[in-house]
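J.: Structure below; questions to follow.
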Amino acid sequence: MLTSIQRLLLVQKVPIFQELRDDFLVRLAATMEERSFPAKHLIVRQGDEGRSLYVLAAGSVRVHIGDYELAQLQREDCFGEMAVLDAEPRSASVTTLEVCDCLVLTQQQLYEAIDETPDIAVNIIRLLSRRIRELNQQVNRVGGNAAAVQTREAMF
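All residue numbers in the sequence shown are consecutive under full-length UniProt numbering, ending with 156.
Set out below in structure tokens:
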């Protein structure tokens, strides 16, 4: 169980909460549910409805679509930012690599936080933009490798 100070120190380091007032972060962190998951546990499944954002307090997770790994996340990272915003089905699955502790922010809590502190929305946009750039780089690497294989096959 995290103390209120540990919660504050954690959320201060999460990109979407950076540069926000401490008094606001103390209140926000206090409302977030703390959850623990065992190793190799599927926290969210691609295609399932999602209305929560998870902040990793301890441990690491694997973000994946089927067997294809998109990313590994660790303490101070978050996931679920797309689903918590639009309540659309989860775009990827997240599985723990080890025992993990998370703070969970619901969609309702996030919307109330955005009403009070609109800068959160800007930070979420920055995070989503960074994730899109990373995904584009992965697609380019995979596409580049496929083109190289096709070129080699055509040469021989």
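All C-beta atoms in this analysis are idealised placements derived from N, C-alpha and C, irrespective of residue type, glycine included.
1) In the DSSP assignment, find the beta strand (DSSP E) that holds I43 and state where it starts and stops.
2) Alpha carbon to alpha carbon, how far is Q6 from L70?
3) Give a yes or no on whether the C-beta atoms belonging to S36 and D101 are separated by under 7 Å.
4) Taking DSSP as the reference, what is the three-state secondary structure of S60?
5) Taking C-beta to C-beta, are V63 and V14 nearer than 7 Å?
6) Using only the alpha-carbon positions, how far apart do residue 244 and R126 sit?
7) Please name the residue or residues paired with A71 in a DSSP beta bridge.
8) My guess is that A121 and I114 are in contact by the Cβ rule of under 8 Å, so how many angstroms apart are they, rounded?
9) Can you tell me where the alpha helix (DSSP H) with L9 in it begins and where it stops?
10) For A57, which residues in the same chain have their Cβ closer than 7 Å to its Cβ, ignoring the five residues on either side in sequence?
11) How would you label I65, buried or exposed, when you count the other beta carbons within 10 angstroms and need 16 or more for buried?
T.: Taking the definition as stated:
1) As a position in the sequence shown, residue 43 is number 43, starting the count at 1. Taken as a continuous stretch (DSSP letters only), the beta strand (DSSP E) holding I43 covers 42-44.
2) Working through the sequence shown from its first residue, we reach residue 6 at position 6. Working through the sequence shown from its first residue, we reach residue 70 at position 70. C-alpha separation (whole angstroms): 29 Å.
3) Residue numbering aside, residue 36 sits at position 36 when the sequence shown is read from its first letter. Residue numbering aside, residue 101 sits at position 101 when the sequence shown is read from its first letter. The answer is yes: Cβ separation under 7 Å.
4) On the sequence shown, position 60 is the one that residue 60 refers to. In this structure, S60 counts as strand in the three-state DSSP scheme.
5) Walking along the sequence shown from the start, residue 63 turns up at place 63. Walking along the sequence shown from the start, residue 14 turns up at place 14. For V63 and V14, no; Cβs fall outside 7 Å.
6) Because the chain is modelled from 1 through 156, residue 244 falls outside the range shown and cannot be assessed.
7) Within the sequence shown, residue 71 is the residue found at index 71, counting from 1. Per DSSP, V63.
8) For this step, residue 121 is matched to residue 121 along the sequence shown. For this step, residue 114 is matched to residue 114 along the sequence shown. With a beta-carbon spacing of about 5 Å, A121 and I114 fall inside the 8 Å limit used to define contacts.
9) Sequence index remark: in the sequence shown, residue 9 carries index 9 (1-based). DSSP places L9 in the uninterrupted alpha helix (DSSP H) bounded by 4-13.
10) Here residue 57 corresponds to residue number 57 of the sequence shown, with the count starting at 1. Cβ contact annotation for A57 (same chain, cutoff 7 Å, sequence separation greater than five): L2, L10, R75, D101, C102, L103, in chain order.
11) On the sequence shown, position 65 is the one that residue 65 refers to. Within 10 angstroms of the beta-carbon of I65 lie fewer than 16 other beta-carbons, which makes it exposed.
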